[in-house]
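Here our numbering is used: the first residue of the sequence shown is 353, the next is one more, and so on.
All remarks here apply to the structure that follows.
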Amino acid sequence: MRLLHAATALAATSALALALTACGNGSGNDTASDQSSAPTSSSSATATGGASAENAGDTKDTGSSTGGGGSSATGGSTGGGTGTGTGASRCHTAGLGFSFGSGDGTVSSSDDQQHLAVVLKNKTSAACTVQGFPGVDLKSSGGSWSLTRSGATPKKVTLAAGSSATFTISFLPWNEGSGTEFKATSVVVTPPNETTSATLTWPGGSVLLQDGATHPGTYTGPVGD
353 MRLLHAATAL AATSALALAL TACGNGSGND TASDQSSAPT SSSSATATGG
403 ASAENAGDTK DTGSSTGGGG SSATGGSTGG GTGTGTGASR CHTAGLGFSF
453 GSGDGTVSSS DDQQHLAVVL KNKTSAACTV QGFPGVDLKS SGGSWSLTRS
503 GATPKKVTLA AGSSATFTIS FLPWNEGSGT EFKATSVVVT PPNETTSATL
553 TWPGGSVLLQ DGATHPGTYT GPVGD
């Protein structure tokens, strides 16, 4: 009888222990489930300065667009300014006026050599450029003499409308017994890089003919000398 009661008590105790264990396991699983489903915070949801990520992107795009527009406008203005000062074409014979430096063909002297300035005037309404040696031919009743060039280096000259540039004819006058006389009557001038000429009356006297000399005393300088 005592054995039966003891067995019954043991069975009851085991059943109670199993029930308590089962209840404890169920409570732990519920807690874990609640923690895993809780929302987490995101560092990308807010941009620097407190603006949302979407608004931060809009602000950046706006600033970039403004900077690009300003840069483009400045570049266009600069380019336009650069091209404004160019475009002068070469001076042509038809657009030039020809005369002597003093207006009356006065000749200056240095030692035995004499010098005559020839003026080229831009008669057009636009600027033009000239660079180099003109062609110069002395004419007489018996022939023509093409003058050699000096050793000067030509420079580019820009003639505004109405402005002038000069070149110099240097020559040795003829004297009795000095050699062959060249009785010049006119001078034919062809501007650099042109084929059309202009003719002026020669204001000097007879010239010592040296058309075969290696270094003659009669020659022409470049425009702008």
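Glycine included, each C-beta is placed from N, C-alpha and C at the ideal position.
According to DSSP, which residues form a beta bridge with residue 451? Beta-bridge partners of residue 451 (DSSP): 471.
Can you tell which of 536, 552, 545, 521 has the C-alpha that lies nearest to the C-alpha of residue 465? Nearest option by C-alpha distance: 521.
Are there 16 or more other CB atoms within 10 angstroms of the CB of residue 545, so buried, or fewer, so exposed? Classification for residue 545: exposed.
Answer with buried or exposed for residue 513, where buried requires no fewer than 16 other C-beta atoms within 10 angstroms of its C-beta. It counts as exposed.
Distance, Cα to Cα, residue 572 vs residue 481? Near 19 angstroms, if we compare the C-alpha coordinates of residue 481 and residue 572.
Measuring CA to CA, which of 519, 492, 528 is closest to residue 502? Out of 519, 492, 528, 519 has the C-alpha closest to the C-alpha of residue 502.
How about the stretch 556 to 564 and the stretch 526 to 535: do they share at least three Cβ pairs that are nearer than 8 angstroms? Flag = yes, the stretch 556 to 564 and the stretch 526 to 535 touch.
Among 577, 473, 460, which residue has its Cα nearest to the Cα of residue 446? For the residues 577, 473, 460, the minimum Cα distance to residue 446 belongs to 473.
Check the C-beta distance from residue 449 over to residue 475 and give it rounded, since I have them as a contact under 8 angstroms. Taking 8 angstroms as the upper bound for CB-CB distance, residue 449 and residue 475 are in contact here, some 5 angstroms apart.
Indicate whether residue 551 and residue 540 have their beta-carbon atoms separated by less than 8 angstroms. With a cutoff of 8 angstroms on beta-carbon distance, residue 551 and residue 540 are scored as near each other.
Whether residue 569 touches residue 507 by CB criterion (8 angstroms): No; because the gap between Cβ atoms is not below 8 angstroms, this pair is not in contact.
Should residue 447 be flagged as near chain C, meaning a C-beta pair shorter than 8 angstroms? Checking the listed chains, one finds no chain C in this structure; it contains a single protein chain.
According to DSSP, which residues form a beta bridge with residue 495? According to DSSP, residue 495 bridges with 492.
Look at residue 469 and residue 511 and say whether their C-beta atoms are less than 8 angstroms apart. At least 8 angstroms separates the beta-carbon of residue 469 from that of residue 511.
Within the continuous beta strand (DSSP E) that includes residue 539, where are the two ends? In the DSSP assignment, residue 539 falls within the unbroken beta strand (DSSP E) covering 536 to 542.
With DSSP as the reference, identify every bridge partner of residue 466, one or two as the case may be. 461, 523, per the DSSP bridge assignment.
Can you tell me whether residue 565 is buried or exposed, with buried defined as 16 or more other CB within 10 angstroms of its CB? With fewer than 16 other Cβ atoms from the protein chains shown falling within 10 Å of its own Cβ, residue 565 counts as exposed.
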